[in-house]
Amino acid sequence: MDKKQYDFSKVELHCHLDGCYRVETVAELAKKRGIDMPSYDPEVLKKYITAHDGCASLDEFLQRMSVAVKAFGGDAGAIRRLVTEAVEDKARDKVKYIEFRYCPQLLANCDVTPLINPSGNLRPKDVVDVVNDALEKAATEHGMTARTILCDITVYNWATDVLELCKEYKGKGVVGYDVAGPEHDPFSQEVEETYRRCASLGIHRTAHAGEVGPASRVKQAIEKLEVERIGHGYHTVDDDDVLNLAKQKNTHFEVCLLSSHLTSAYTGPWSSHPAKKFMSSNMNFGLNTDDPGPNTYGIIRDYDIATEDVGFSVNDLLDLNMNAARSCFLEGAEKEQLLNDLKSEYDQYRHKSLNVSSSKCSLI
Ligand SMILES: [Zn+2]
Numbered sequence: 105m106d107k108k109q110y111d112f113s114k115v116e117l118h119c120h121l122d123g124c125y126r127v128e129t130v131a132e133l134a135k136k137r138g139i140d141m142p143s144y145d146p147e148v149l150k151k152y153i154t155a156h157d158g159c160a161s162l163d164e165f166l167q168r169m170s171v172a173v174k175a176f177g178g179d180a181g182a183i184r185r186l187v188t189e190a191v192e193d194k195a196r197d198k199v200k201y202i203e204f205r206y207c208p209q210l211l212a213n214c215d216v217t218p219l220i221n222p223s224g225n226l227r228p229k230d231v232v233d234v235v236n237d238a239l240e241k242a243a244t245e246h247g248m249t250a251r252t253i254l255c256d257i258t259v260y261n262w263a264t265d266v267l268e269l270c271k272e273y274k275g276k277g278v279v280g281y282d283v284a285g286p287e288h289d290p291f292s293q294e295v296e297e298t299y300r301r302c303a304s305l306g307i308h309r310t311a312h313a314g315e316v317g318p319a320s321r322v323k324q325a326i327e328k329l330e331v332e333r334i335g336h337g338y339h340t341v342d343d344d345d346v347l348n349l350a351k352q353k354n355t356h357f358e359v360c361l362l363s364s365h366l367t368s369a370y371t372g373p374w375s376s377h378p379a380k381k382f383m384s385s386n387m388n389f390g391l392n393t394d395d396p397g398p399n400t401y402g403i404i405r406d407y408d409i410a411t412e413d414v415g416f417s418v419n420d421l422l423d424l425n426m427n428a429a430r431s432c433f434l435e436g437a438e439k440e441q442l443l444n445d446l447k448s449e450y451d452q453y454r455h456k457s458l459n460v461s462s463s464k465c466s467l468i
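Okay, structure coming up:
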């Protein structure tokens with residue numbers, strides 16, 4: 105397929121910063137910092153930190169990611185490089201607006217319990233400062249707009265700390281709150297309470313739900329967590345009541361086609377992927393990479409899958425980007441500007457495509 109078909113500005117709302125690494129960078133930094141890795145040869149290391157050959161489960165995928173993240177954890181320079189390269193990669197795919205999500209506690213090496221990295225002097229707050237600074241510089245250089253969502257991971261006990269950082273940095277680079285983790289059980293009382301506090305503080309909310317967990321978790325996220333968006337949410341299609349609830353609330357679904365395939369979260373054929381039902385039910389959703397580092401592909405690969413395998417048109421992709429822009433966590437004039445810019449660019453793109461296809465017709 106001619107990649108020029110996707111030569112338009114894109115919006116991405118679900119992309120883990122700590123899943124945006126380049127294998128070569130992980131190898132180089134780990135070697136330089138003396139961090140133990142299965143190999144410092146990128147070709148060999150690839151087997152251990154990416155899902156290029158697929159993973160048996162989401163847990164295995166996350167385990168591979170956690171090996172790579174050690175190369176960045178607790179080092180401001182390494183985190184800066186992670187951010188800079190992530191933005192470079194997104195700019196190459198013409199992503200105009202992105203919300204990167206990450207857990208500051210996972211990249212810190214002090215003031216965190218449990219401590220994931222060897223101890224040092226980088227607090228979670230320092231991680232946010234480094235990410236914000238690097239992100240603003242890199243995004244400006246590439247003519248992009250980038251914001252962050254701070255992400256709690258339920259297996260740790262960091263919900264309140266993540267919320268405090270969201271509060272402190274609201275309007276200063278951070279635009280929302282997210283929760284990730286195993287989906288076997290319903291969200292805990294503590295998670296529900298944290299989201300209630302987010303809502304009362306005017307902090308935007310998304311949550312991972314319904315990727316491997318049931319539709320009831322999506323229902324809980326919408327009703328109890330008062331989320332505006334859902335990460336993945338595929339199992340919503342198993343329950344018409346939940347699907348209707350999401351539609352009525354205009355909940356946006358952050359669909360990640362390739363990622364959920366590589367993690368074995370979705371194992372069915374592309375032609376019956378839940379995104380297809382989202383489309384036919386006129387749901388609010390968009391396309392995202394989730395973790396381009398371990399996935400070893402950027403958003404273009406997801407667009408290829410969407411058009412070649414799922415059955416969406418390029419016109420559909422423009423609509424999905426508009427959905428994402430309307431559901432992003434920017435506010436006021438900034439959001440209006442993004443919507444206006446995209447609308448006028450897409451109008452021109454559609455007009456141009458129409459002219460090209462009609463001139464082709466006249467030649468036949
Ligand atoms: Zn995710």
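One gets the working numbering by counting positions in the sequence shown from 1 and adding 104 to each.
Ideal Cβ placement from N, Cα and C applies to all residues, glycine included.
A buried status is given to ARG309, since no fewer than 16 other beta-carbon atoms sit within 10 Å of its beta-carbon. Here THR217 is exposed: its Cβ has fewer than 16 other Cβ atoms, across all protein chains shown, within 10 Å. Per DSSP, ALA313 is one residue of the beta strand (DSSP E) stretching across 308-313.
Contact check for VAL283 against HIS312 passes: the beta carbons are separated by less than 8 Å. For ILE183, the enclosing alpha helix (DSSP H) stretches over residues 180-196. For LEU226, the three-state secondary structure derived from DSSP is coil. Remark: C-beta atoms of LEU391 and ASP406 approach each other more closely than 8 Å. Scanning LYS198, ALA175, SER364 and GLU435 for the CA closest to the CA of LEU133 turns up ALA175. In the DSSP annotation of this structure, PHE291 is not part of any beta strand (DSSP E), being labelled neither H nor E. With a threshold of 16 other beta carbon atoms within 10 Å, THR264 falls short and is exposed.
A check of alpha carbon separations from GLN109 across LYS447, ALA410 and THR129 identifies ALA410 as the nearest. Here the distance from the Cβ of ALA172 to the nearest heavy atom of ligand 1 is not below 7 Å. Going by beta carbons, LEU117 and ARG430 fall outside the 8 Å limit. Taken atom to atom, the span from the alpha-carbon of VAL295 to that of SER368 is near 26 Å. The beta carbon of CYS302 sits closer than 6 Å to the beta carbons of TYR281 and ARG309 from its chain, once the five residues preceding and following it are set aside; these are given in chain order.
With a minimum length of 4 residues, the unbroken runs of alpha helix (DSSP H) contained wholly in the stretch 312-375 fall at 319-327, 344-353 and 361-366.
The Cβ-Cβ distance between LYS114 and ILE307 does not fall below 8 Å.
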